[in-house]
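Here's the structure, in C-alpha cells; my notes come after.
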Amino acid sequence: MTTSLVTGGSGFIGSHLVESLLERGDHVIVVDDLSTGNLANITGFRDHPKLEWIEGTIENKELVTQVVDRADEVYHLAAAVGVALIAKQPIQTIERNIYPTQLILNRLGERVKEGDKVRCFIASTSEVYGKNPKPTWSEEDDLVFGSTTKPRWSYGASKAIDEFLALAFHRQHNLNVVVGRFFNVVGPRQTGAYGMVLPRFVEAAVAGRPITVHDDGKQTRCFAHVHDVRRAILDLVATDACMGRVFNIGSDQPISILELAQRVQERVNPDCGITFQSYADAYDNSFEDIRRRVPDLTRIQEAIGYKRDYDLNAIIDAVAAYKRAEA
Ligand code: UDP
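Once you know that position 222 of the sequence shown is 222 in full-length UniProt numbering, the rest is easy, because the numbers rise by one and skip nothing.
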C-alpha cells in the first residue's frame with residue numbers, strides 16, 4: 001500500500017487531493033497547522049480509516065522528519081496563500097513558503113542517499129512569472145518580478161526559491177521531484193477570505209451583496225477546476241518522465257474580471273449589483289495587479305495528456321452550490 005503525505009491537506013487544493021488519494025486506496029498522512037486550512041474541508045472523510053490527520057506545523061523539523069520518512073509520495077501543498085494574506089503577514093508569507101520546503105527536500109535528499117525511491121510534488125504558482133509581458137507563459141520563460149517595495153512579489157519570489165531548491169535536489173541527489181505551477185485554481189471549499197476573486201464573487205452573489213470588481217475589470221485570468229488540477233498532480237507524480245521538471249497547471253481560456261462578475265451575476269443572482277473599487281484602495285497601495293495571465297499548457301498536455309473536464313460555467317455552478325449549502 002502506498003503511503004502519501006499531504007502538507008496543507010486541510011486546505012482547498014490539499015483536501016481535494018487527499019480525497020483522491022483515499023479513493024485510490026492510499027494511507028494518507030495530512031499535516032496542517034490550520035493557519036489557512038479548515039477542518040470543515042475534510043469533514044466528509046475525516047473519519048476515513050486510512051486518513052491520519054496531524055495538526056502541526058511543517059516548520060517543525062522533527063515532525064517533518066517523522067512524516068517524510070514514512071511516505072512513499074510527498075505532496076507539498078502547504079503555503080501562504082492569497083494576496084490578502086501577503087498584505088497582512090508579509091514576513092510569514094516568505095518564511096512559510098521557503099523554510100518548510102527546505103526541511104522536506106533535505107529529508108527527502110537524505111532518504112534518496114539511503115537508496116529510497118520516494119517521489120515528491122512541490123506546489124508552485126503562476127505568480128513566479130511576475131509581470132512577464134508575453135501573451136502566454138511557458139515554463140522556460142524568464143521570471144519578471146517587480147520592486148521589493150511591493151510585497152506582492154515576495155510571494156512569487158519565495159515560490160521561485162522553492163522551485164530552484166526542488167530542481168537542485170533533483171540535479172544533485174537525483175530526487176524524484178516535480179513542480180506544478182497553479183494558475184487560478186478554483187472550486188468548492190475555496191474561501192474568499194484571502195482575496196481570491198471567484199469565491200468572493202459567488203459569496204457576494206449568494207448573499208445578495210454587490211460584487212466588487214477592482215479597477216476597470218479588464219484584467220484577465222484563466223480559471224481551472226480543482227478536480228482537473230488534482231488529477232494532473234497525481235498524473236505528474238506517477239510519470240517517470242516528469243521528474244525534475246516544471247509544469248504549468250490550469251486553464252488557458254482567459255476571461256476578464258468584469259465578464260466574470262457578469263457571468264456570476266447571470267448564473268447565481270441576477271439581482272446582485274456590480275461595484276468598482278481601485279486595486280490600490282483594496283490593498284493599501286502596496287500591491288500592483290497583474291493584467292493578463294495565460295499559461296501555455298503544451299508541456300503538460302504532451303507529458304500526461306492533460307485536458308480539462310470542467311468549463312467556467314460548471315465551475316461557477318459548483319461553487320454556488322457549495323456556498324449556498326455553507327450559507
Ligand atoms: N479581484 C476583484 N475583486 C475581488 C478580488 C479580486 O476584482 O474581490 C480581481 C483582482 O484585482 C485580480 C483578479 O480579480 O485582477 C484575481 O485576483 P485574485 O486575488 O483572485 O488572484 P490573483 O490572480 O491576482 O493572484
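Note that the Cβ used here is the ideal one computed from N, Cα and C, for glycine as well. What you are looking at is a predicted structure, and each value in this text was computed from that prediction instead of being measured.
Shown here, E114 sits in coil according to DSSP, grouped into three states, outside any helix or strand. In this structure, the C-beta of G156 stays at least 7 Å away from each heavy atom of the ligand UDP.
Per DSSP, the unbroken alpha helix (DSSP H) holding G14 starts and ends at 12–24. In this structure, A282 keeps its C-beta atom at 8 Å or more from the C-beta atom of G250. For the pair I13 and V229, the CB atoms are nearer than the 8 Å cut-off. For Y75, the enclosing beta strand (DSSP E) has its first and last residue at 73–76.
Less than 8 Å separates the beta-carbon of L22 from that of V28.
At least one heavy atom of the ligand UDP falls within 7 Å of the beta-carbon of I290. The way I'd put it, the region 161–169 doesn't touch the region 215–223; fewer than three beta-carbon pairs between them come closer than 8 Å. The Cβ atoms of V18 and V30 lie closer than 8 Å to each other. Ranked by Cα distance from L103, the first of V74, P270, F182, H214 is V74. In this structure the region 122–141 does not touch the region 187–195; the number of beta carbon pairs closer than 8 Å is below three.
Apart from the 5 residues on each side of it in sequence, M1 sits with its Cβ closer than 8 Å to the Cβ of G25, D26, H27 in its chain, given in chain order.
Judged by pairs of C-beta atoms under 8 Å, the region 80–94 does not touch the region 110–121, as fewer than three such pairs exist.
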